[in-house]
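*Asks:*
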Amino acid sequence: MIDFAKNYFELFGLDTDYAVDAGKLSARYRELQRVVHPDRFAGASEQQRRLSMQGSTLVNEAYETLRDPVARGKYLIELLGGDPDQAASNHDPSFLMEQMELREELAEARNQPEPYTAISNIMTGINKRINGLMAGMALALEEGGEKGLVEAAEILGKMQFLKKLQQDAENLEAELDDIM
């Protein structure tokens, strides 16, 4: 069965590191689900069924956390003793200006002759920025210590802003789909 005392990285047999091998993560997820899936315990005792359900829930939660770069960053910062909510990115004037410009571009995309192309271009830029921040997150966490954790929390705050903008772009695309 599952060792509930392990952190998510240990549970999946991964190094406690921001960079995660997606293939290894997925393969291990499937292995763990085969072990704890509630269907395997349908005829077992009440306690075994409950443990199976708890194990399955833990595996799903761990997988979703480690798969998502923002959730993984937050989890790792907490695991290393930092405060992921101490982000000071809202004090970075250039980042705030960039966000305002991107939001304006997104608002104007609806009225462009090719709105889907405009949204796609915005999303491409957001993805590039997120990938750059992910590399910075890995370096900050590798540096460690309080300085590294504070820097990682600031990067996390920026990633959260960009993920929200990405979601807004996807929502605009869906809204255009409904109109067309």
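Per my numbering, the very first residue in the sequence shown carries number -1; after that it's consecutive. Every residue gets a Cβ at the ideal spot worked out from N, C-alpha and C, and that includes glycine.
Can you check which of these residues, Ala116, Tyr73, Met157, Thr55, is closest to Leu30 by C-alpha distance?
*Replies:* By one-based count along the sequence shown, residue 30 stands at place 32. Answer by Cα proximity: Thr55.
*Asks:* Could you tell me the alpha carbon to alpha carbon distance between Met135 and Asp176, rounded to whole angstroms?
*Replies:* Along the sequence shown, one-based indexing puts residue 135 at 137. Along the sequence shown, one-based indexing puts residue 176 at 178. Near 37 Å, if we compare the C-alpha coordinates of Asp176 and Met135.
*Asks:* Could you tell me the alpha carbon to alpha carbon distance between Phe7 and Asp15, rounded to whole angstroms?
*Replies:* The residue you call residue 7 lines up with position 9 of the sequence shown. The residue you call residue 15 lines up with position 17 of the sequence shown. C-alpha separation (whole angstroms): 8 Å.
*Asks:* Pairs of beta-carbons, one from the region 155 to 162 and one from the region 124 to 139, closer than 8 Å: are there three or more?
*Replies:* A contact exists between the region 155 to 162 and the region 124 to 139.
*Asks:* Just checking, does the region 162 to 173 make contact with the region 92 to 112 on the three C-beta pairs under 8 Å criterion?
*Replies:* Touching, yes.
*Asks:* For Phe39, does the three-state DSSP call read helix, strand or coil?
*Replies:* Within the sequence shown, numbered from 1, the residue matching residue 39 stands at position 41. In the structure shown, Phe39 sits in a helix (DSSP, three-state: H, G or I).
*Asks:* Report buried or exposed for Phe2, applying the criterion of at least 16 other Cβ atoms within 10 angstroms of its Cβ.
*Replies:* Mapped onto the sequence shown, residue 2 falls at position 4. Per the 10 Å Cβ criterion, exposed.
*Asks:* Using 8 Å for Cβ pairs, my map puts Ala60 next to Leu9. What's the rounded Cβ distance?
*Replies:* Translated into positions along the sequence shown, residue 60 becomes position 62. Translated into positions along the sequence shown, residue 9 becomes position 11. Correct: roughly 5 Å between the Cβ atoms.
*Asks:* Considering Cα atoms alone, identify which of Asn5, Glu141, Glu44, Asn58 is closest to Ser24.
*Replies:* For the purposes of this step, residue 24 is taken as residue 26 along the sequence shown, with counting starting at 1. The shortest C-alpha separation from Ser24 is found at Asn58.
*Asks:* Can you tell me the Cα-Cα spacing of Lys126 and Thr115, whole angstroms?
*Replies:* In the sequence shown, counting from the first residue as 1, residue 126 sits at position 128. In the sequence shown, counting from the first residue as 1, residue 115 sits at position 117. Between Lys126 and Thr115, the C-alpha separation is close to 17 Å.
*Asks:* Would you kindly work out how many angstroms separate the C-alpha atoms of Glu112 and Phe93, rounded to a whole number?
*Replies:* Indexing the sequence shown from 1 puts residue 112 at position 114. Indexing the sequence shown from 1 puts residue 93 at position 95. C-alpha separation (whole angstroms): 27 Å.
*Asks:* How would you write the range of the alpha helix (DSSP H) that Pro113 sits in, first residue to last?
*Replies:* Position 115 of the sequence shown, counted from the first residue, corresponds to residue 113. From DSSP, the alpha helix (DSSP H) with Pro113 extends over 113 to 141.
*Asks:* What is the rounded straight-line gap between the Cα of Thr105 and the Cα of Arg65?
*Replies:* Your numbering for residue 105 matches position 107 in the sequence shown. Your numbering for residue 65 matches position 67 in the sequence shown. In the sequence as displayed, the identity of residue 105 is Ala instead of Thr. Cα to Cα, the separation comes out at about 30 Å.
*Asks:* Can you tell me which of Arg32, Ala107, Gly21, Asp81 puts its alpha carbon nearest to the alpha carbon of Glu144?
*Replies:* Taking the first residue of the sequence shown as 1, we reach residue 144 at position 146. Answer by Cα proximity: Asp81.
*Asks:* Rank Arg101, Gly71, Arg32 by C-alpha distance to the C-alpha of Val18 and give the top, closest one.
*Replies:* Here residue 18 refers to the residue found at position 20 of the sequence shown. Among Arg101, Gly71, Arg32, the Cα nearest to that of Val18 belongs to Gly71.
*Asks:* Considering only residues of the same chain and omitting the five flanking positions on each side of Ile128, which have a CB-CB separation below 8 Å?
*Replies:* To locate residue 128, count along the sequence shown from 1; it is residue 130. Excluding sequence neighbours, Ile128 sits near Pro67, Met157, Leu160, Lys161, Gln164.
*Asks:* Would you identify the three-state DSSP class for Leu78, choosing helix, strand or coil?
*Replies:* On the sequence shown, position 80 is the one that residue 78 refers to. Coil at Leu78, not helix or strand.
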